[in-house]
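Numbering (numbering that gives the first Met the number 0), first residue to last: 0 to 407.
We treat Cβ as the ideally placed atom computed from N, Cα and C, and that holds for glycine.
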Amino acid sequence: MFRVAIVGRPNTGKSTLFNRLIKRSKSVTWELPGTTRDYVYGEGSIGDKKVSFLDTGGISFEQSELTEKIRLQVQLAIEESDLVLFVVDGSIAVVPEEDKKIANMLHKSKKEVIVVANKCDIGEKCSDPFIFMELGFGPPVTISALKGKNLDELLELIEEKIPEVTIQPYVYPRVAIIGKPNVGKSTLLNTILGKERAIVSDTPGTTRDVIENIVEIEGEKYIFLDTPGMRRGKLNKFDFVISLRSLRGMRESDICLFTIDPANVSRTDEHLAGLLYKNKKSGIIVMNKLDVVNTEEVEKYLNEAAYRLRPILFYPSVMISALKKKNLHLLFKLLKIVRDNIERKFSDSTVLKTILSIVTKNPPPRKGKRFLKIYEAKIVKKNPKTILIIVNFPDIIKDDYKRYLTSK
């Protein structure tokens with residue numbers, strides 16, 4: 000698929016433009032400079048052509064570990080792209096030095112570039128856009144991403160760059176790596192990918208957006224999603240948006256790798272386990288940080304996790320060290336099993352026979368003289384596998400018995 004990277008200084012409207020192009024609020028939009036830190040994929044259409052857009056973090060040339068990592072991430076996004084949209088602030092009168100430095104970076108990349116002068120609200124404010132000619136990429140396109148003005152011209156220019164023959168993407172299982180902040184989700188993703196794709200830091204919450212990549216494991220391809228760490232308790236507006244984004248990534252996935260620190264299972268983990276059960280997600284409990292776990296206390300940690308994660312005890316589980324690459328082969332084996340179970344088909348007669356066997360061994364309590372009788376059972380949805388059971392008295396089946404059936 001044709002890839003377009005959106006780059007520029009912080010707070011030039013890159014994420015707003017990205018959301019316009021994919022017609023959905025996928026990248027976090029916020030007035031605070033530096034909101035997007037990892038680059039984010041989103042799919043859009045131009046005419047009958049599919050385009051993959053990459054929203055990147057704002058490039059700053061201040062000297063800090065985080066800004067250096069962001070610049071490296073942007074360079075990676077540029078390398079992966081076929082076209083770059085260089086977004087500048089069209090409301091200013093002088094080209095900033097930072098824009099000139101970014102232009103030098105883009106010239107060295109040898110990529111095709113379109114300069115997009117944003118914040119040009121027609122009839123309101125816009126400086127002379129041709130001041131950006133000095134960046135060396137030709138006349139800019141003037142737009143207002145916020146108001147959606149003049150986007151047609153930009154889309155036409157992008158469409159001209161797309162080759163006539165494009166390869167349509169395959170549909171692969173989507174695997175979301177979820178968990179609370181700082182349990183090693185990004186380290187796990189980077190270990191699987193073999194490159195530093197998500198920003199890794201000791202600071203909780205350094206992954207803010209859902210980020211995606213296609214990876215092949217033992218001959219099978221998957222789309223991996225690394226989600227922001229999900230929080231509980233009082234959230235500010237920014238944390239709330241992040242949590243919504245993480246929930247969306249979870250809901251859009253086919254398989255969830257629920258990553259926990261077995262030595263620090265908390266109420267947040269309990270909350271996430273409940274969300275996984277509520278959203279009927281297939282998954283694996285990934286107990287990370289095996290390299291720092293006291294081997295004498297493993298059994299204690301397992302018992303604690305089993306107690307706190309009761310809603311999803313039917314998930315298979317594995318202990319790994321993403322940092323030291325320990326037991327990843329066991330994780331991949333479980334991933335293949337879960338994938339095969341999702342793809343596996345069952346006849347209606349097999350489903351009915353299985354349900355009858357489970358209910359016969361442990362029937363729900365009678366209600367007076369009424370007892371449960373099952374007439375029919377069949378799968379009505381592939382993923383999550385959803386079974387429709389037709390019975391004589393539905394009110395006999397309480398929530399705890401539904402959980403029992405699900406676990407079986």
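Check: Using the rule of at least 16 other Cβ atoms within 10 Å of the residue's Cβ for burial, across every protein chain shown, is Asp127 buried or exposed?
Finding: Residue environment analysis places Asp127 among the exposed positions, since fewer than 16 neighbouring C-beta atoms fall within 10 angstroms of its C-beta.
Next item on the list: Can you give me the start and stop residues for the beta strand (DSSP E) that Ser265 sits inside?
Entry: Ser265: not part of any beta strand (DSSP E); DSSP gives it neither H nor E.
Next item on the list: Output yes or no for whether 7 Å exceeds the beta carbon distance between Cys255 and Ala175.
Entry: Contact flag set, yes.
Next item on the list: Check whether the segment 328–343 touches the segment 356–365, taking contact to mean three or more Cβ pairs, one atom from each stretch, closer than 8 Å.
Entry: Result no; under three Cβ-Cβ pairs closer than 8 Å.
Item checked: Status (buried if at least 16 other CB within 10 Å, exposed otherwise) for Asp268 -> Under a 10 Å Cβ-count criterion, Asp268 is classified as buried, with 16 or more other Cβ atoms of the shown protein chains found around its own Cβ.
Check: Which first and last residues belong to the beta strand (DSSP E) in which Arg173 is found?
Finding: For Arg173, the enclosing beta strand (DSSP E) stretches over residues 173–177.
Notebook entry, point to check: What's the call for Asp47, buried or exposed, on a 16-neighbour Cβ count within 10 Å?
Noted result: Exposed, because fewer than 16 other Cβ atoms sit within 10 Å of the Cβ of Asp47.
Check: So who's on the other strand from Asn212, going by DSSP bridges?
Finding: Its beta-bridge partners are Phe223.
Next item on the list: Could you tell me which uninterrupted alpha helix (DSSP H) segments, each at least 4 residues in length, are contained entirely in the segment 293–333, listed from first to last along the chain?
Entry: The DSSP assignment places complete alpha helix (DSSP H) segments of no fewer than 4 residues inside the segment 293–333 at 297–307, in order along the chain.
Notebook entry, point to check: Measuring CB to CB, does Val3 end up less than 7 Å from Val73?
Noted result: 7 Å or more divides the Cβ of Val3 from the Cβ of Val73.
Margin query: Can you tell me whether Gly273 is helix, strand or coil according to DSSP?
Written below: In this structure, DSSP gives Gly273 a helical state, which the three-state scheme calls helix.
Notebook entry, point to check: Alpha carbon to alpha carbon, what distance is there between Cys119 and Val112?
Noted result: Taking the straight line joining both Cα atoms gives about 19 Å.
Item checked: Backbone secondary structure at Ser356 - three-state DSSP -> In the structure shown, the three-state DSSP call for Ser356 is helix.
Check: When the Cα of Thr349 is compared with those of Glu375, Phe370, Asn103, Lys13, which residue comes out closest?
Finding: Minimum Cα distance to Thr349 is reached at Glu375.
Next item on the list: Could you tell me which of Asp339, Val390, Gly367 sits nearest to Leu351, measuring between CA atoms?
Entry: Of Asp339, Val390, Gly367, the residue nearest in Cα terms is Val390.
Notebook entry, point to check: What number of angstroms, rounded off, separates the C-alpha of Leu16 from the C-alpha of Ala116?
Noted result: Cα-Cα distance, rounded: 11 Å.
Check: Hey, how far is the Cα of Asn326 from the Cα of Asn302?
Finding: Computed Cα separation, rounded: 20 Å.
Note to self: For Leu334 and Thr385, what's the separation of their Cα atoms in angstroms?
What the structure shows: Counting only the Cα atoms, Thr385 lies some 20 Å from Leu334.
Note to self: Does Glu64 come out as helix, strand or coil in the three-state DSSP assignment?
What the structure shows: Glu64 falls in the helix class under three-state DSSP.
Notebook entry, point to check: The beta strand (DSSP E) with Leu289 in it runs from where to where?
Noted result: Segment: none, Leu289 is in no beta strand (DSSP E) and carries neither H nor E.
Notebook entry, point to check: Could you give the residue range of the alpha helix (DSSP H) that holds Asn18?
Noted result: Start and end: 13–21.
Check: Shorter than 7 Å from the beta carbon of Gly57 to some beta carbon of chain B?
Finding: The structure shown contains no chain B; it holds only a single protein chain.
Next item on the list: Helix, strand or coil for Lys48, going by three-state DSSP, please let me know.
Entry: Looking at Lys48 - three-state DSSP - the assignment turns out to be strand.
Next item on the list: Go to Asn278, then tell me how far its alpha helix (DSSP H) extends in each direction, as first and last residue.
Entry: Taken as a continuous stretch (DSSP letters only), Asn278 belongs to no alpha helix (DSSP H), as it is neither H nor E.
Item checked: Strand pairing of Lys377, partner residues [DSSP] -> DSSP, once it has assigned bridges, lists Leu387 as partnering Lys377.
Note to self: Taking the beta carbon of Phe257 as the centre, do at least 16 other beta carbons fall within 10 Å, making it buried, or is it exposed?
What the structure shows: By the neighbour-count rule (16 or more Cβ atoms within 10 Å), Phe257 is buried.
Notebook entry, point to check: For the putative contact between Phe129 and Val114, defined by C-beta atoms under 8 Å, what is the C-beta separation to the nearest angstrom?
Noted result: Beta-carbon to beta-carbon, Phe129 and Val114 are separated by about 10 Å, too far to satisfy the 8 Å threshold.
Note to self: Assuming Asn103 is part of the beta strand (DSSP E), what are its boundary residues?
What the structure shows: Where Asn103 is concerned, there is no enclosing beta strand (DSSP E), although the alpha helix (DSSP H) it sits in stretches over 96–108.
Notebook entry, point to check: How many Å lie between Glu296 and Glu219 at the Cα?
Noted result: Roughly 35 Å separates the two Cα atoms.
Note to self: Taking 6 Å as the limit between beta carbons, can you name the residues of its chain near Arg343, skipping five residues before and five after?
What the structure shows: Within the same chain, Arg343 has no close Cβ partners at all.
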